[in-house]
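Single-structure report; data block below.
Put into structure tokens, the structure is as follows:
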């Protein structure tokens, strides 16, 4: 008989931990929460100090029965759920269900699932932290009070199946505000003059900078002509040569938010996928002879702190692999984010010695890609800064000044392992200038004026939205991925070219919430609520007081909304064609994945069709059909003939309405990491890529 029972959330985690603890321990999984507020009602007694009404989750009866049987046989029970608020709440619910003393030392926490970390954590069990539990309960109840009161109102006034939540409503508002900025944006004209210059056999680029010794902005073609008229000949004199050495520090190790952002940029992963893979890496992967081992630390964190043990291991590894010169002069002190709870460490590999290439045969392709990203980011964060040689040179012809900037890597430092991605299309290039000194003469080879227009702010990608929510102090690491998933499932936003676009439904709901529940969409109010939850966790605030302060005003607004909110009908738009099954007009309807066509004679006729988007290209295979945009089951866009299944032409790349000038085959737009390039599908013809 096992003397000790350990309860965790998942079977994968249970399997890994049981192997480390030995025969005296039996490790079982609760499969997440065993108790929760009922789905059929709010579950919060507002008349009785907001007392929550917990019930056993449907389907969890057999799991709970098994745990109770094992608990009766055990000498001691340990609750080892995840090391965060939700994990603490799971442990508390389990303690209640198993009739345990919550003040006993039954709670065990660890930041990584490795043998040493597990064994050490069991030496220091503690009581359940009720401040953590109360903070989680408060969040859950606030979300219930908002969601279970506003959602039925939206069903009644707008459409069934809608929902409203604190974090998701802010996310939709941000997307709507950005769309409004884009629609109201008025582009402004500006120009640039770029030149190619030569000294001896060396060519380099420089751009117009100043006129008559003062920085001059080119706002029109007239300004450009005024500058070009000032040029006397093709010879420029070198002045103001500035050489500097610049240090570039590595990015800090990953938090949940920065991991989601970087995985989106570099791996093209959605936030939901990133968290699913990170969970697998944390809970443990079977490494053959080594057994099942957790490969990364806990993946829900807003801390960039790294344990001393991990730092020391990194020092040894970097010294052996790259040399002492790749170590920083002193241990780097991480800046703490004002909104960070700093409950545990940053996301890092459990051992830097476990290199990504050594795990190829044990990990799936995507698991390996994410592990490599985490490993490289952490390793780079412990390395010395990169050192760049920079050079700035002014070139003067009469009253006209061009400026050239160049840089090259003098010492790669952390860049030998990893360089952080960016959201924009520009990237730092090594572009060293020839050895120029003041008084040198260089020759202008070519000068090209270019017209530009200012661009509106970009729509939010998942990475940008996560970053913005974090900066505003909205939500917590565990909430970002499910929030982004929910606003898409509800039909409030859609993804177009990996960027969020609000739907009509999203706008209608947001306008109603802003009118009747402005605090729900108020960024400062929501950020303060997050801060209040942190205060509850720290024991500085009482959870009942925080909920009551919110609910008193919210209840009054709810009463007003019930009386004054008008019913809004989102009318079906005529699709301009008739149903091929019954002859009734087809209409556009809003569904889970955006608009689609349906018969207006519903429910008698249930005919539906996807909206066909023609791209103005004839099918290159059958020569009769038109190419239309389609979507795969995974919502990925591809292109096919509208005569399918008679014609089976498909292409992942967008065809264009021109033939290849070399072989007259189909030309397509090939999406590259930076921009788009037109290519032939048959020969090697390519056109210059567009940014």
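In the UniProt record's numbering, the protein residues as written are 1 to 691. Backbone N, C-alpha and C fix where the C-beta goes; we use that ideal spot for every residue, glycine too.
Going by the beta-carbon positions, is the gap between residue i and residue j smaller than 8 Å?
i           : j           : result
residue 326 : residue 383 : yes
residue 202 : residue 192 : no
residue 84  : residue 300 : yes
residue 381 : residue 345 : no
residue 167 : residue 502 : no
residue 629 : residue 639 : yes
residue 219 : residue 189 : yes
residue 217 : residue 205 : no
residue 113 : residue 28  : no
residue 144 : residue 267 : no
residue 621 : residue 284 : no
residue 162 : residue 151 : yes
residue 94  : residue 175 : no
residue 105 : residue 127 : yes
Taking the DSSP output, what are the residues bridged to residue i?
i           : result
residue 452 : 190
residue 27  : 6
residue 196 : 205 and 446
residue 586 : 599
residue 638 : 630
residue 715 : As shown, the chain starts at 1 and ends at 691. That puts residue 715 outside it, with no answer to give.
residue 480 : BP columns for residue 480 are empty, so no partner.
residue 502 : 493
residue 679 : 668 and 686
residue 409 : 388
residue 618 : 626
residue 83  : According to DSSP, which records beta bridges pairwise, residue 83 is partnered with nothing at all.
residue 578 : 585
residue 36  : 55
residue 608 : 598
Does DSSP put residue i in a helix, in a strand, or in coil?
i           : result
residue 397 : strand
residue 57  : coil
residue 651 : strand
residue 487 : helix
residue 349 : strand
residue 261 : helix
residue 122 : coil
residue 286 : strand
residue 90  : helix
residue 757 : Outside the shown range of the chain (1 to 691) lies residue 757, about which nothing can therefore be said.
residue 306 : coil
residue 46  : coil
residue 231 : coil
residue 16  : helix
residue 103 : coil
residue 247 : strand
residue 296 : strand
residue 77  : strand
residue 185 : coil
Between residue i and residue j, what straight-line distance do the alpha-carbon atoms span, to the nearest angstrom?
i           : j           : result
residue 47  : residue 491 : 35 Å
residue 147 : residue 538 : 26 Å
residue 623 : residue 612 : 19 Å
residue 68  : residue 109 : 22 Å
residue 687 : residue 677 : 6 Å
residue 355 : residue 89  : 35 Å
residue 494 : residue 482 : 15 Å
residue 9   : residue 682 : 53 Å
residue 614 : residue 636 : 17 Å
residue 715 : residue 271 : This structure leaves residue 715 out entirely; the chain is present only between 1 and 691.
residue 579 : residue 562 : 39 Å
residue 514 : residue 565 : 12 Å
residue 49  : residue 547 : 9 Å
residue 666 : residue 619 : 10 Å
residue 164 : residue 111 : 33 Å
residue 340 : residue 177 : In this prediction, residue 340 scores a pLDDT of 48, lower than 50, which makes its location untrustworthy; the coordinate-derived value is nonetheless stated afterwards. About 26 Å.
residue 21  : residue 410 : 50 Å
residue 685 : residue 496 : 29 Å
residue 329 : residue 313 : 16 Å
residue 551 : residue 97  : 29 Å
Counting pairs of beta carbons, one from the segment 231-248 and one from the segment 379-395, are three or more of them closer than 8 Å? yes
- Inter-stretch contact at 8 Å, needing at least 3 Cβ pairs: the segment 304-319 / the segment 283-296: no
Next on the checklist: Any contact between the segment 131-139 and the segment 450-461? By contact I mean 3 or more CB pairs, one from each, below 8 Å.
Outcome noted: no
Counting beta carbon pairs with one atom in the segment 94-108 and one in the segment 500-516, are three or more of them shorter than 8 Å?
no
| said: Does the segment 258-267 come into contact with the segment 367-380, if we say contact requires no fewer than three beta-carbon pairs (one atom in each stretch) closer than 8 Å? | reply: yes
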